[in-house]
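Chemist: Take this structure, written in structure tokens, and hold onto it; I'll ask about it next.
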Amino acid sequence: MPAASPQLITDQLFEKLSPSIEKGENLLGEFELFSIIRDAKKIPVEDESLAIQGLAWIVLGDITKGSDLCEAAISINPSESALWGNYAIAVGQKGNHALQRNILKRSVVIRNPSLLVFNFIVSSFWADYNEMARVVGLFQSLGTVELTEKQQGDYMSAEAIYNTLGKLPENEREDLSKMANLAMDIMMGHNLSAKNSGQYVAPDGMLSFNYDLFNASPDFIVMLNDELATKIVEHELHNAKAIVLFTPGD
Numbered sequence: 001m002p003a004a005s006p007q008l009i010t011d012q013l014f015e016k017l018s019p020s021i022e023k024g025e026n027l028l029g030e031f032e033l034f035s036i037i038r039d040a041k042k043i044p045v046e047d048e049s050l051a052i053q054g055l056a057w058i059v060l061g062d063i064t065k066g067s068d069l070c071e072a073a074i075s076i077n078p079s080e081s082a083l084w085g086n087y088a089i090a091v092g093q094k095g096n097h098a099l100q101r102n103i104l105k106r107s108v109v110i111r112n113p114s115l116l117v118f119n120f121i122v123s124s125f126w127a128d129y130n131e132m133a134r135v136v137g138l139f140q141s142l143g144t145v146e147l148t149e150k151q152q153g154d155y156m157s158a159e160a161i162y163n164t165l166g167k168l169p170e171n172e173r174e175d176l177s178k179m180a181n182l183a184m185d186i187m188m189g190h191n192l193s194a195k196n197s198g199q200y201v202a203p204d205g206m207l208s209f210n211y212d213l214f215n216a217s218p219d220f221i222v223m224l225n226d227e228l229a230t231k232i233v234e235h236e237l238h239n240a241k242a243i244v245l246f247t248p249g250d
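For what it's worth, the UniProt record's numbering labels the leading residue of the sequence shown as 1, then goes sequentially.
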């Protein structure tokens, strides 16, 4: 029986890891993950070997070690979009939102449409208008781009936020982005991942930028909003004409 090809081995190992990466939890158990790491070391294609090892370590919870390996893989083959995308998903699902944003912002150098959509969506999540504008400019430079139906839907949802932010004065956009970053700091501090963000314009005209948290008690959400309010005051953003809130998910 002939040996399996390196690409086949990589695909098989990634298929095992994928549910845990997307869930942000170790669904395999430590024994199976260490088995994947051992098998990944045998892959002769270096960037694929390093990437699978890195993703497995991230699933295990060692973000630092996993990131070092994924970064090494990218340094070897920076034009491979899967290296960037899987890495960004893995750390984001583990709640390291700052690192995810960093990865996606750097990934624009290869001008991959799927990564640009991913970056646009994540940037909308954190009210990062400047990064969204950069992505829009890159999309325009690519000409006609084919996206999946899901990508088109996700892009349009993010575009609604982009259009809302674009109507705000620059100082108000900056204040909202700063408050979103404070919310991100709190989520990272509590190892939380909001499932979606949404905008709501109150009757008085104030824009509310909401982060939906699922399986969180009302008391916990109140505590998070109190923590966020304290940070907003500390950063002298309490007079902003927009607000950021944690809200219960459906």
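Heads up, the beta-carbon is just placed ideally off N, CA and C, and yes, glycines get one too.
For M156, count neighbouring Cβ atoms within 10 angstroms of its own Cβ and tell me buried if that reaches 16, exposed if not.
Modeler: By the 10 Å Cβ count, M156 comes out exposed.
Chemist: Between the Cα of S35 and those of E80, W57, T230, E170, spot the shortest distance and give me the residue it belongs to.
Modeler: Per the Cα distances, W57.
Chemist: Can you tell me the Cβ-Cβ gap for G95 and M223, rounded? I've got them flagged as a contact below 8 Å.
Modeler: No, G95 and M223 are not in contact; Cβ-Cβ is about 17 Å, not under 8 Å.
Chemist: I want to check one thing, is the minimum distance from the CB of I221 to the heavy atoms of the ligand MN below 7 Å?
Modeler: Looking for the ligand MN in the displayed structure turns up nothing, as the structure carries no ligands at all.
Chemist: Are the CB atoms of S107 and W84 within a distance shorter than 8 Å?
Modeler: Yes. Within cutoff.
Chemist: Distance, Cα to Cα, Y129 vs E227?
Modeler: Their backbone Cα atoms lie some 25 Å apart in a straight line.
Chemist: DSSP beta-bridge partners for P248?
Modeler: P248 is bridged to L213.
Chemist: So, does the stretch 143–151 touch the stretch 111–122, judging by three or more C-beta pairs under 8 Å?
Modeler: They touch, by the three-pair rule.
Chemist: Opposite Q152 in the DSSP bridges: which residues?
Modeler: Q152 pairs with nothing; no bridge assigned.
Chemist: Kindly indicate which residue of E172, L192, E170, F125 has the alpha-carbon position closest to the one of Q159.
Modeler: In the sequence as presented, Gln is not what sits at residue 159; that position holds Glu. E159 has its Cα closest to that of F125, out of E172, L192, E170, F125.
Chemist: Which residues does DSSP pair with Y162 in a beta bridge?
Modeler: Beta-bridge pairing links Y162 to no other residue.
Chemist: What residue from G166, E172, F120 has the CA that sits closest to G153's CA?
Modeler: Considering only alpha carbons, the answer is F120.
Chemist: Give me the Cα-Cα distance between G249 and S217, rounded to the nearest whole angstrom.
Modeler: G249 and S217: Cα-Cα distance of roughly 10 Å.
Chemist: Enumerate, from N- to C-terminal direction, the unbroken alpha helix (DSSP H) stretches of 4 or more residues contained entirely within the stretch 59–107.
Modeler: For the stretch 59–107, whole alpha helix (DSSP H) runs of length 4 or above, ordered along the chain, are 63–76, 81–93, 97–107.
Chemist: Relative to the C-alpha of A90, which candidate in V244, K41, I52, Y211 has its C-alpha closest?
Modeler: Comparing Cα positions, the closest option is I52.
Chemist: Excluding the 5 residues flanking L99 on each side, which residues of the same chain have their C-beta closer than 6 Å to its C-beta?
Modeler: So the qualifying residues of the chain are V91.
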